[in-house]
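Asks:
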Amino acid sequence: EGRSALKRHEAEARHRVLQLEQARQNHQILPNDYNHQLHLSSFSYLANVMALRRQKMQTQPQFQYVCVPCCCCYGRI
Numbered sequence: 132e133g134r135s136a137l138k139r140h141e142a143e144a145r146h147r148v149l150q151l152e153q154a155r156q157n158h159q160i161l162p163n164d165y166n167h168q169l170h171l172s173s174f175s176y177l178a179n180v181m182a183l184r185r186q187k188m189q190t191q192p193q194f195q196y197v198c199v200p201c202c203c204c205y206g207r208i
């Protein structure tokens, strides 16, 4: 179930990126709006991946996740 959900979220993210790229090429979206929406789409995908991992950790304790500091959480841990 987790793997199929992950593939579904990935497909949705790819579809959204293709929509944004098409809008950009057709001058239907401003460059700043394009960048902003692309950024939001990436975070949405990552949030879904993290939620699936969290769910897997709760149901299967043998899966351990170690947070590696990145630009998003650096300084908060």
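Our numbering runs 131 ahead of the 1-based position in the sequence shown.
For every residue, glycine included, the Cβ atom is placed at its ideal position computed from N, Cα and C.
#1: Quick one: residues in its chain with C-beta nearer than 6 Å to the C-beta of Gln-168, no 5 flanking neighbours on either side, listed in chain order?
#2: From which residue to which residue does the alpha helix (DSSP H) around His-170 run?
#3: What does the Cβ neighbour count give for Ile-208, buried or exposed, with the cut at 16 atoms within 10 Å?
#4: Closer than 8 Å by C-beta to Ile-160: which residues in its own chain qualify, once you throw out the five before and the five after it? Chain order, please.
#5: Where does His-146 fall in DSSP's three states?
Replies: In terms of the structure at hand:
#1: Leu-151
#2: 162-190
#3: Here Ile-208 scores only 44 on pLDDT, less than 50, and its place in the model is too uncertain to base an answer on.
#4: Leu-151, Ala-154, Gln-168
#5: helix
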